[in-house]
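Residue numbers (our numbering): 15 to 396.
Idealized CB from N, CA, C, for every residue including glycine.
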Amino acid sequence: MVEREAVPRFHVGESLMPESFWSFERLGVLDKMRDSNFVKKLSVQFVSHSGKESNPFFFEKHDPRECSQTWQVERSAFDQMLFDNAAEKGACCRDKTRVTNVLFDDGRATGVELGLEDGSTQQVKAKVVVDATGLSAILANHLNLKQEYEHLKKIAVWTYFKNAEREPGPHGGATIILHTKLKDSWFWFIPLRDNITSVGVVGNRDYMLDGRSTPQNTFAEELELCGAMQRRLASAEQVEKHRIAREFSYKTSRQSGDGWVLVGDAFGFIDPIYSSGVYFALKSGELAADAIVEGLQNNDLSAAQLGKWISDYSSGTQWIHKLVEAYYTNEFSFGKFLQGHPHHTGHLTDLLIGRIFHDTAGDIFDEMEPAMAEAVKMAIPK
15 MVEREAVPRF
25 HVGESLMPES
35 FWSFERLGVL
45 DKMRDSNFVK
55 KLSVQFVSHS
65 GKESNPFFFE
75 KHDPRECSQT
85 WQVERSAFDQ
95 MLFDNAAEKG
105 ACCRDKTRVT
115 NVLFDDGRAT
125 GVELGLEDGS
135 TQQVKAKVVV
145 DATGLSAILA
155 NHLNLKQEYE
165 HLKKIAVWTY
175 FKNAEREPGP
185 HGGATIILHT
195 KLKDSWFWFI
205 PLRDNITSVG
215 VVGNRDYMLD
225 GRSTPQNTFA
235 EELELCGAMQ
245 RRLASAEQVE
255 KHRIAREFSY
265 KTSRQSGDGW
275 VLVGDAFGFI
285 DPIYSSGVYF
295 ALKSGELAAD
305 AIVEGLQNND
315 LSAAQLGKWI
325 SDYSSGTQWI
335 HKLVEAYYTN
345 EFSFGKFLQG
355 HPHHTGHLTD
365 LLIGRIFHDT
375 AGDIFDEMEP
385 AMAEAVKMAI
395 PK
């Protein structure tokens, strides 16, 4: 396993989905997560463009088991834990090592070429190449597999604050999603250790860049349009520079081939709104690993074998994609929908937990999609 940067390193994506619990259990790191001082995430809350705050979605109210709680993590410490765990389990783990090329022989991946810290290169042969390079998506770019989501051309600008105002009691570790006044953007509020909070704003690329000279200006101008976030940051101190990410929402036209498979963000990334990125990385890595082990046992490392999990996986992740589309349908209100369909509150909570890989996961959309269409229709001037 190779990592381009020195471990530990900075990475965004601090909020986990509760369903990650089962991957942590399989990896053997669940006790480490329990013993850590990462902030516990017990709920999610949404704030509308008018400043109205929804009732929190408390995961344990829906399901009292331990697997309904999760954590807000600093990725430097979290990723270091996973890196070290892989080494403890027997993997050869190298940081400060770049993959400069994937080697192919007659259409089959046979290994990689590495760029080492001292400037030299090394070829490593492998029966299977797993592309877990995140948004760098080395194989997807090399094979021209990336396809941008036309309706999700977003930009994110974020930074970190100390002493931001948090909710009292068990809701203090909640992820909070806040719309701005005109719904042109939304903020995330993710509480971390040591009273540090990750705060970011996401909006359409053209809107976020229009007439803005710097990421700082973009952030400041959008903050002026979000009173609920201004209140939370009134006594806070910014402690990090502003960072920017763009062109992060895409899918891939193919996710496996003879001797290779894509996982995590290299497979694709939908949107940061529901904090699904880390969970999808863990789950896709777990499913790909099972397919690889079976393939090694059966001497079958074909595209079909290495990708045998992809159809079911994609069937599950589509529900988060549909939930993203619902959030970005400005005419639609989750609050109004749940008022009229209170029996779907549990279904929505299940989706926010990450319980998407079962036959009834998408049942909520049987009524939500017509409600979205009706909301759009009603908003058209007559």
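Measure from the C-beta of residue i to each C-beta in chain B and report whether the shortest distance is under 8 angstroms.
i: K255; result: In the structure shown, chain B does not exist; there is a single protein chain.
Taking buried to mean at least 16 other C-beta atoms within 10 Å of its own C-beta, is residue i buried or exposed?
i: R207; result: exposed
i: P229; result: buried
i: I370; result: buried
i: M392; result: exposed
i: G104; result: exposed
i: V1; result: Any question about residue 1 goes unanswered here, given that the chain covers just 15 to 396.
i: C14; result: The question about residue 14 has no answer, for the chain in this structure spans 15 to 396.
i: P182; result: exposed
i: R245; result: exposed
i: Q161; result: exposed
Tell me the rounded alpha-carbon separation between residue i and residue j.
i: G349; j: S68; result: 7 angstroms
i: F346; j: K168; result: 20 angstroms
i: R23; j: F283; result: 21 angstroms
i: S37; j: L44; result: 9 angstroms
i: N99; j: K197; result: 42 angstroms
i: V58; j: S328; result: 24 angstroms
i: H185; j: W323; result: 36 angstroms
i: L296; j: R40; result: 10 angstroms
i: S298; j: A101; result: 20 angstroms
i: N231; j: I258; result: 12 angstroms
Below 8 angstroms between beta carbons: does that hold for residue i and residue j?
i: F72; j: V21; result: no
i: K46; j: Q83; result: no
i: G291; j: D279; result: yes
i: T135; j: K255; result: no
i: V113; j: L130; result: no
i: S433; j: Y293; result: Summary: the structure shown does not reach residue 433, with the chain confined to residues 15 through 396, and so no result is reported for it.
i: H193; j: W202; result: no
i: D77; j: L166; result: no
i: T343; j: L352; result: no
Just list the residues that DSSP pairs residue i with in beta bridges.
i: D119; result: R122
i: H193; result: W200
i: F71; result: V58
i: Y174; result: S212
i: Y264; result: E162, F283
i: V16; result: R108
Given 8 angstroms, three or more beta-carbon pairs between the stretch 35-51 and the stretch 138-146: no
Three CB pairs or more closer than 8 angstroms across the stretch 257-271 and the stretch 148-159: yes
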